[in-house]
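Residue numbers (full-length UniProt numbering): 1 to 254. Below is one structure, written out as structure tokens; comments come after it.
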């Protein structure tokens, strides 16, 4: 079986569960050494154990992507542990806890969502970029269909994901001549802990309404987003940069 990432190093933030964990496993399956980063040590160690039990190499670095000092330590840990950095998946994100019209939106919640979802992508990109320039590597950012459309009751989340799309475009243009490709993925509803917290799965009425918005007639699974991320990092996507790829079951088509 061909392993396209053999000898390369991937860093995945928010790798404690869901899409982050699935993507860390996908990189490892492809032969990459993986740095698993997130705020939850126990869950991240589970991701590391899953990779190692399948024959891969992985290390864990506890990281809050909203904190510059922790992001710098994460990058230093990556280089110290594996000697290089080829791929960065900026996946860490939160949905927030406020779902109200903007006049009632909690300011603290706004600040937290922007800090993690948008500033976190900026910080990780900033400190990883010198190493990615050396390897002519690739970045994939976690956007969302919320970054490509509008909606109600989630101002910070929509704003942060639109910001990720814009940051993806600007970074791709800035570093194209240095050989670094930068893209994003924009999932619709994917079966993850975040979706469970939002009560989109398990509530029959809400679930059926959301399913009706997906022409494929089902929600996605983390592995399907992981496949898109690893493809964007692979040589098969060598002429793709600055784009946001919907992984949405047709959600944005109608």
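Cβ coordinates follow ideal geometry from the N, Cα and C atoms, glycine included. Bear in mind that the values here come from a model prediction, so they are computed numbers and not experimental data.
Local conformation of residue i per DSSP, three classes
i	result
residue 87	strand
residue 224	helix
residue 161	helix
residue 97	coil
residue 33	strand
residue 38	strand
residue 74	helix
residue 181	strand
residue 6	coil
residue 142	strand
residue 65	coil
residue 118	helix
residue 193	helix
Residues near residue i by beta carbon distance below 8 Å, same chain, minus five either side
i	result
residue 54	25, 28 and 29
Member of the options whose CA lies at the smallest distance from the CA of residue i
i	options	result
residue 40	48, 56 and 34	48
residue 185	90, 70, 239 and 3	90
residue 15	249, 223, 252 and 234	223
residue 124	135, 139, 134 and 110	139
Integer-rounded CB distance, given that residue j should sit under 8 Å from residue i
i	j	result
residue 127	residue 67	With a Cβ gap of about 12 Å, residue 127 and residue 67 do not count as contacting.
residue 258	residue 34	What is shown of the chain runs 1 to 254, which leaves residue 258 out entirely.
residue 173	residue 131	Contact doesn't hold; Cβ gap of about 20 Å is too wide.
residue 229	residue 23	5 Å
residue 182	residue 118	That pair is no contact at about 15 Å.
Neighbour-count burial assignment, residue i, 16 or more Cβ in a 10 Å radius
i	result
residue 296	The displayed coordinates of the chain run from 1 to 254. Any statement about residue 296 would go beyond what the structure contains.
residue 152	exposed
residue 95	buried
Beta-carbon contacts of residue i that lie in its chain and below 6 Å, excluding the five residues immediately before and after
i	result
residue 115	66
residue 81	59
residue 57	33
Residues near residue i in its chain [Cβ-Cβ closer than 7 Å; skip 5 each side]
i	result
residue 158	146, 150 and 151
residue 45	60
residue 188	145, 214, 220, 248, 249 and 251
residue 169	242
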